[in-house]
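**Q** Below you will find the structure I want to go over with you.
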Ligand code: GTP
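In structure tokens:
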């Protein structure tokens with residue numbers, strides 16, 4: 004029995020106010036909730052998915068009661084935040100063979116089957132996926148030994164402390180033996196557990212393609228652009244588009260109504276949204292049932308579901324709305 008744990012209990016503070024009413028794992032990105040996108044990438048060898056939820060866990064439970072998945076999904080809701088280590092420790096009695104752990108906010112091209120095969124070939128207690136970035140200071144940075152073993156791990160280093168550009172990409176393969184290196188007091192895998200396994204038990208698996216941590220507005224919009232392109236999304240037939248100019252990539256969902264709008268590049272308009280004449284929507288997401296008046300200029304922004312924007316509103320690099328669904 005191979006299990007996958009998705010860590011989905013964080014507050015998602017960087018995506019407020021959107022996450023005031025939608026937990027980050029259920030935030031739709033190019034039309035599909037993040038958590039659903041992660042589950043869709045799991046190999047068919049996974050026979051149970053455990054979603055470690057916390058903040059707004061009841062929304063996540065409701066989602067899975069309404070949306071049937073290929074593998075059984077169990078939602079375990081924490082009643083206080085346990086952190087990434089505490090969330091796993093909480094599940095220790097269910098883990099009796101190699102298992103996967105995935106952060107609930109990452110979109111990437113990692114092959115999980117390849118990563119599991121690599122992990123097994125190294126006899127590691129845990130293998131973490133690695134990605135190269137220009138600025139590692141917002142992530143966990145790793146230094147590799149000669150081979151694939153991780154010799155040093157430091158969470159969110161300063162510029163001076165950052166000893167490489169290779170970061171923890173948020174997907175792990177683990178053995179139940181990891182629990183011998185943890186206890187009930189541990190809160191953070193990244194700060195308390197990984198740094199203690201740098202004696203050859205922790206390995207790193209690099210991959211190519213793309214990797215986006217969607218936890219911030221900017222990264223959310225980057226991921227949206229990538230997904231619209233990659234999935235060939237566009238204007239659905241039932242969307243009402245009258246006199247709009249399009250600068251692709253753009254996607255518009257069913258029931259949306261747009262008149263005389265300049266849309267794109269990188270615009271996603273969700274179900275039921277209305278945008279009136281003269282408005283410009285660029286590098287932005289307009290979520291379900293939002294309505295945008297005339298002559299608005301929305302750039303680098305996420306308009307929350309149900310938000311109503313008056314004529315001539317300007318939004319630059321914001322998440323707007325105290326959403327009402
Ligand atoms: P920010 O508040 O914007 O930093 O977002 P976040 O709360 O989601 O934190 P972060 O992006 O660092 O979390 C990485 C992953 O771990 C996300 O998938 C979170 O849902 C998850 N996570 C963070 N804290 C907890 C926790 O206490 N319990 C569980 N089960 N998951 C958590």
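Residue numbers (this note's numbering): 4 to 328.
Cβ coordinates follow ideal geometry from the N, Cα and C atoms, glycine included.
1) Have a look at residue 266 and residue 314 and give me their C-alpha separation to the nearest angstrom.
2) Starting from the N-terminal end, write out each residue whose C-beta falls within a distance shorter than 6 Å of any non-hydrogen atom of the ligand GTP.
3) Where residue 55 and residue 188 are concerned, what is the direct C-alpha to C-alpha distance, given to the nearest angstrom?
4) Find the nearest neighbour of residue 329 within the set 131, 136, 158 and 149, judged by alpha-carbon distance.
5) Under the three-state reduction of DSSP, which class applies to residue 43: helix, strand or coil?
6) Per the DSSP calculation, residue 206 is bridged to which residue(s)?
7) Using the Cβ count rule (16 or more neighbours within 10 Å means buried), how would you classify residue 186?
8) Mapping the DSSP letters down to three states, classify residue 119 as helix, strand or coil.
9) In whole angstroms, give me the CA-to-CA distance for residue 21 and residue 162.
10) Among 300, 280 and 312, which residue has its Cα nearest to the Cα of residue 292?
11) Terminal residues of the continuous beta strand (DSSP E) containing residue 297?
12) From residue 12 to residue 176, what distance separates their C-alpha atoms?
13) Here's the rule: buried if 16 or more other CB atoms are within 10 angstroms of the residue's CB, otherwise exposed. What is residue 65?
14) Which residues does DSSP pair with residue 158 in a beta bridge?
15) On the DSSP letters alone, give me the boundaries of the alpha helix (DSSP H) that residue 27 sits inside.
16) In this structure, how does DSSP classify residue 196 when only helix, strand and coil are distinguished?
17) Are the CB atoms of residue 269 and residue 224 nearer to each other than 8 Å?
18) Would you mind sorting residue 308 into buried or exposed? The rule is 16 or more other CB atoms within 10 Å of its CB.
19) What first and last residue would you give for the beta strand (DSSP E) that runs through residue 222?
20) Please name the residue, chosen from 281, 263 and 289, that lies closest to residue 271 on a Cα-to-Cα basis.
21) For a test of the three-state rule: what should DSSP assign to residue 101, helix, strand or coil?
22) Applying the criterion that 16 or more other CB atoms from any shown protein chain within 10 Å of the CB defines a buried residue, is residue 326 buried or exposed?
23) Pull up the CB-CB distance for residue 206 and residue 153, whole angstroms please, since I reckon it's below 8 Å.
24) State the Cα-Cα distance for the pair residue 92 and residue 129, rounded to the nearest angstrom.
25) Rank 321, 107 and 132 by C-alpha distance to the C-alpha of residue 119 and give the top, closest one.
26) Between residue 301 and the rest of its own chain, which residues show a CB-CB distance below 6 Å, the 5 nearest in sequence each way excluded?
27) Taking just the CA atoms, how far does residue 310 sit from residue 274?
28) Quick check: the region 15–30 against the region 71–86, are at least 3 beta-carbon pairs closer than 8 Å?
29) For the putative contact between residue 53 and residue 77, defined by C-beta atoms under 8 Å, what is the C-beta separation to the nearest angstrom?
30) For residue 136 and residue 169, I'd like the C-alpha separation in whole angstroms.
31) Quick one: what does DSSP say residue 173 is sitting in, helix, strand or coil?
32) So, helix, strand or coil for residue 111, using DSSP?
33) How many whole angstroms separate the CB atoms of residue 10 and residue 106, which I take to be in contact at a CB cut-off of 8 Å?
**A** Let's see:
1) 17 Å
2) Qualifying residues, in the order they occur: 10, 11, 12, 13, 14, 15, 16, 17, 27, 55, 57, 81, 84, 85, 86, 87, 90, 106, 107, 108 and 218.
3) Within the model, the alpha-carbon separation for residue 55 versus residue 188 is close to 18 Å.
4) Since the first residue shown for the chain is 4 and the last is 328, residue 329 is missing from the structure and cannot be characterised.
5) Of the three classes helix, strand and coil, the one that applies to residue 43 here is helix, per DSSP.
6) 130 and 152
7) Residue 186 comes out exposed.
8) helix
9) Distance between the alpha carbons of residue 21 and residue 162 is about 31 Å.
10) It is 312.
11) Note, residue 297: premise wrong, no beta strand (DSSP E); not H, not E.
12) 19 Å
13) Residue 65 counts as exposed, since fewer than 16 other beta carbons sit within 10 angstroms of its beta carbon.
14) 143
15) From DSSP, residue 27 is part of no alpha helix (DSSP H); its letter is neither H nor E.
16) helix
17) yes
18) By the neighbour-count rule (16 or more Cβ atoms within 10 Å), residue 308 is buried.
19) Element bounds for residue 222: not the beta strand (DSSP E) but the alpha helix (DSSP H), 220–233.
20) 289
21) coil
22) Because residue 326 sits at a pLDDT of 49, beneath the cut-off of 50, its placement in the model cannot be relied upon, and the following sentence gives the value as read from the coordinates. Burial call: buried.
23) 6 Å
24) 15 Å
25) For residue 119, the nearest C-alpha among the options comes from 132.
26) Here the set comprises 284, 287 and 318.
27) 13 Å
28) The region 71–86, when compared against the region 15–30, does not touch it at the 8 Å Cβ threshold.
29) 5 Å
30) Going from the Cα of residue 136 to the Cα of residue 169 covers about 7 Å.
31) In this structure, residue 173 counts as strand in the three-state DSSP scheme.
32) strand
33) 5 Å
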